[in-house]
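All residue numbers for the sequence shown refer to the numbering used here, where the first residue is 1 and numbers rise by one. Yeah, the Cβ is synthetic: ideal placement off N, Cα and C, and Gly gets one too. Note that the structure is predicted; figures quoted are calculated from it, not measured. These notes are about the structure you will find just below.
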Amino acid sequence: MHFRYFVIGGGSGGIASARRAASYGVKVGIAEYGRWGGTCVNVGCVPKKIMWWAATVKEMLHESKFYGFELKEHPEFSWSHLKSRREHSIKRLNGIYISNLESSGITHFDALATFVGKNEQGFQIQVGENIITAENVLIATGSSPDGLEAPGSEYCINSDDFFSLETQPKKVAVLGAGYIAVELAGVFRLLGTETHLFTRGSTALRKFDEMVRTKLHEEMEKQGVQMHPGSIIDFVQKDSKTGLLTVGTKNGEVVSGFDQVLVAIGRSPNVKSLNLSVLGNVATETSKGYIKVNDFQESSISNLYAIGDVCGKVELTPMAIAAGRRLADRLFNGMKDAKADYENVPTVVFSHPPIGTIGLTEEEAIQKYGKENLKFYSSVSVNLYYSVFDIPPSDKPRIHMKLICLLPNELIVGLHMIGMGSDEALQGFGVAIKMGATKSDLDKCVAIHPTAAEELVTLAPWGLAPSSHL
Ligand code: NAP
């Protein structure tokens, strides 16, 4: 079997690229070893967001008393019920992916793809029992969770395993400091698990704006997540009688009684099974071996391309989809300059509360432009949702916002938010920032009242930024 375009990896990015190529009449094949839809659909964004909603529902049930609801019985939560509903909805998505491939006329293989060689005719690839040939190949194999390098790592689970948990742990340790660590720690805690977060640094999300980091730390502490900053893990031990786990840190702290220890310390590209060495020198980056690509997703081998997490540059599903579609546009639809734009990519962390961020952090902006060339705006407000809460005003959760503008015209170079509604608010502001919005552009947009997002178009001083009068 010969293909003009063969995609290795049936995640969101690979499938999007394959379908775009097929829409141009190209003969396309795609191979996936695991479940169709890849990390995002099966063990990432989609099931995670369902768990985030579960935690949010539980929080709102608890808070419903402030709105006059009297729950006659204590609401029981069934982890296994939720798991089965979640899996049902994901199986549906797996099926949709396959039927989309079929309706696009793409040959799909449920098999591992391994390079066998390359000659003038193109690439030879072993796909399960078959050897296929292809003129162009896209690697979209994604990444997998990194394991802990400490004694006892075999007792730990990772984010993939999280979605297989049959029961809710009573007490959990989350080791790590990135998106996954804070998102899953938030889910566990709000669903009632005693949750401990061990981070190497003083806070999680080290690369995020300082305001976001600090406020998340405070909010998580308020919710009862037990924070263990400055913790380098020394060992994990299992009690042979109870099966419970103990975490020990290099600074001598020992915490016992965990029924699960979840490691979320980053991910590494899925490249091993590809057998890339038969192709010659495929350039890679960092000790993790990300496939090195240029702006056009071209690897160091001609007609070999890579997108998504396997390249390690902006590891977000929509980024991989955009890169995959643009690549197909360029290769098969004559759009010779088509490429994905990796600048100003909005991102949301589904922590509790959620975080929305785009552009430079304050620290990065100062380093790039100098403090004297920047203007900062900020706002702190209480969402109206909390207005009827019978708690001291100072305890009401807030939404914190920061706008970073470049003088003289106050071009927005960074926007950071943490609090209820930040997740949904960011997308529209992302469009504006991508279009080159300035502070005065935000001021010119009349506020939608009452919303959390309106704070961003009424930041004080309102209407006084350069070009406000235009
Ligand atoms: P991550 O966001 O890259 O964070 C991993 C963090 O763990 C590192 O930043 C590091 O923080 C810490 N770490 C690394 N090695 C460690 C070690 N040996 N011991 C203790 N801590 C260690 O990784 P992730 O959470 O696995 O997520 C992977 C990627 O998936 C993310 O970068 C993101 O792009 C994507 N993702 C996105 C979403 C979303 O869009 N909502 C959700 C999940 C994942 P320190 O250096 O500060 O210790």
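Item	Value
Any alpha helix (DSSP H) of 4 or more consecutive residues that is wholly inside the region 156 to 199	159 to 162, 179 to 190
His88 versus Asp441 - alpha carbon distance	44 Å
Near the ligand NAP: Ala264 beta-carbon under 6 Å from a heavy atom	yes
Check: Gly201 C-beta below 6 Å from any heavy atom of the ligand NAP	yes
Contacting residues, own chain, Cβ-Cβ under 7 Å from Lys410 (five flanking each side not counted)	For the sequence presented, residue 410 should be read as Glu rather than Lys. Result list for Glu410: Lys375, Thr438, Lys439, Ser440, Ala465, Pro466, in chain order.
7 Å Cβ cutoff met for Ser159 and Pro169	no
Three or more C-beta pairs below 8 Å linking the region 97 to 114 and the region 124 to 133	yes
DSSP bridge partner residues for Gly414 (one or two, in chain order)	Gly359, Ile404
Secondary structure of Gly436, DSSP reduced to three states	coil
Straight-line Cα distance separating Tyr155 from Ser240	12 Å
Cβ-based burial, Thr242 [other Cβ within 10 Å; buried from 16]	exposed
DSSP three-state assignment for Arg398, whether helix, strand or coil	strand
Closer than 6 Å: Gly312 CB and nearest the ligand NAP heavy atom	no
Integer Cβ distance of Ile291 from Val271, believed to fall under 8 Å	7 Å
Assigned exposure category for Leu482 - 16 Cβ within 10 Å defines buried	No statement about residue 482 is possible, as the shown extent of the chain runs from 1 to 470 and does not include it.
Beta-carbon spacing of Ala460, Ile399 below 7 Å	no
Nearest neighbour of Asp337, chosen from Arg4, Asn373, Arg325 [CA to CA]	Arg325
Classification of His449 by the beta-carbon crowding that lies within 10 angstroms, buried from 16 upward	exposed
Cβ shell of Tyr377 (< 6 Å), same chain only, five flanking positions each side left out	Leu403, Leu459
C-beta atoms of Gly38 and Ser12 nearer than 7 Å	yes
Pairwise C-alpha distance: Ala322 and Trp342	Here residue 342 turns out to be Tyr, not Trp, going by the sequence shown. Cα-Cα distance, rounded: 10 Å.
Candidates Ile180, Gly176, Gly224, Thr203: closest to Leu191 by CA position	Gly224
Separation of Glu218 from Ala55, as counted between CA atoms	18 Å
Arg206 classed as buried or exposed, judged by whether at least 16 other C-beta atoms fall within 10 angstroms	exposed
heavy atom of the ligand NAP below 6 Å from Glu315 C-beta	yes
Separation of Leu426 from Gly359, as counted between CA atoms	12 Å
Collapsed DSSP secondary structure at Met227 in the structure displayed	strand
Residue from Leu304, Glu298, Pro269 whose Cα sits closest to the Cα of Ser287	Pro269
8 Å CB neighbourhood of Tyr369 in its chain, flanking five on each side removed	Leu406, Val413
Classification of Pro353 by the beta-carbon crowding that lies within 10 angstroms, buried from 16 upward	buried
Contact check, Gly29 vs Phe3, beta carbons under 7 Å	yes
Buried or exposed by the 16-neighbour rule on C-beta atoms within 10 Å, applied to Ser299	buried
Contact under 7 Å by Cβ, Val172 with Ser351	no
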